[in-house]
Every structure is written in structure tokens, then in C-alpha cells.
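Take a look at the structure below.
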Amino acid sequence: MSSLMWELDSIARCATQYRTEMLAPLGLKSCHASYLLHICADPGICQEQLAQRIFFNKSSVARQLAALEEVGFIRRCTCSADRRVTRVYPTDKAMEALPQIQKVLADWEAIVTADFTPETLDCAMAVLRKLKERAAHQIQEE
224 MSSLMWELDS IARCATQYRT EMLAPLGLKS CHASYLLHIC ADPGICQEQL AQRIFFNKSS
284 VARQLAALEE VGFIRRCTCS ADRRVTRVYP TDKAMEALPQ IQKVLADWEA IVTADFTPET
344 LDCAMAVLRK LKERAAHQIQ EE
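The following block contains the structure:
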């Protein structure tokens, strides 16, 4: 593995551990943060769109949504116009947890960028956006 990918993977694993610890009191797992951010921002998003946005396969998304539904954070509804489409909505419980989820994510970002100047942070964000864009393009081409 290249050193760039190793560093990115290491950062992601550390972030996962942090989110796991900080979200546990809410009854959430680390991965649930991205699901709930997208669902709360776009109520009624279809499962397939969600999978594309967060770069997980459809079966993984279905499993995690089932878990979130079971503990009351979301509800899923079959679209009346197209029965093949499942729409996902946040519950009041999800909307109440959203500020805490956002705080956990903001706190992590503040921790890992604590000594960055605004210019350094802008540069890092530009590089990361470009890497994400290329990675997403590659995945969508497959």
C-alpha cells in the first residue's frame, strides 16, 4: 500500500474509533453518522441514492438502515409510485440526535486540524476533494 493510502486509512481508522466511543451513548455505531447526516439533510432519500452518496454497496446500506430502523432513528417507506423504491426518513429521535452527531464530527475535525493555519487547511481540503473526486469517478466507472 502506498504511503498516501496508508496515511488516509490510518486517519479513517482513528476517526472510526473516536466516533464509536463518542456516539455509543446515543446507541449509534461509527458508520451511522454518515447515514443520519444524509437522511436528515434529505428526508425521503431513496436507499439507492444513499448508497451512492456514501459509497457503500446496497446490501450494506440495507443492513445498516434495518439496524437504525430497529432502534428508532429512521423509518423506511415503499414509494407508492414505484414499489421498487424505498424511501428513508429520519424520526424525531434522529433529528434530536443530529446536533450531537454534528458536534462529534466537528470536534474530531478540530482535534486533527488543531495546529493548521487556515491556508494549510484550505490546501489540504483541496487535495482531499480532488482525491475523493477521482476515487468516486473510478468507482462509478466500474
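Per our numbering, residue 224 is the first one in the sequence shown, and the count goes up by one each step.
Glycine is no exception: its CB is placed at the ideal position from the N, C-alpha and C atoms.
Of all C-beta pairs linking the segment 253-269 to the segment 307-316, three or more are shorter than 8 Å, placing the two stretches in contact. In the structure shown, the three-state DSSP call for Val-294 is coil.
Assigned with DSSP and collapsed to three states, Arg-286 falls in helix. For Pro-266, no alpha helix (DSSP H) run applies, since DSSP gives it neither H nor E. Across the set Leu-231, Pro-248, Gln-272, the C-alpha of Gln-272 shows the shortest separation from the C-alpha of Tyr-258. DSSP places Cys-300 within a strand segment (E or B) once states are collapsed to three. In the DSSP annotation of this structure, the continuous segment of the alpha helix (DSSP H) that includes Pro-322 starts and ends at 315-335.
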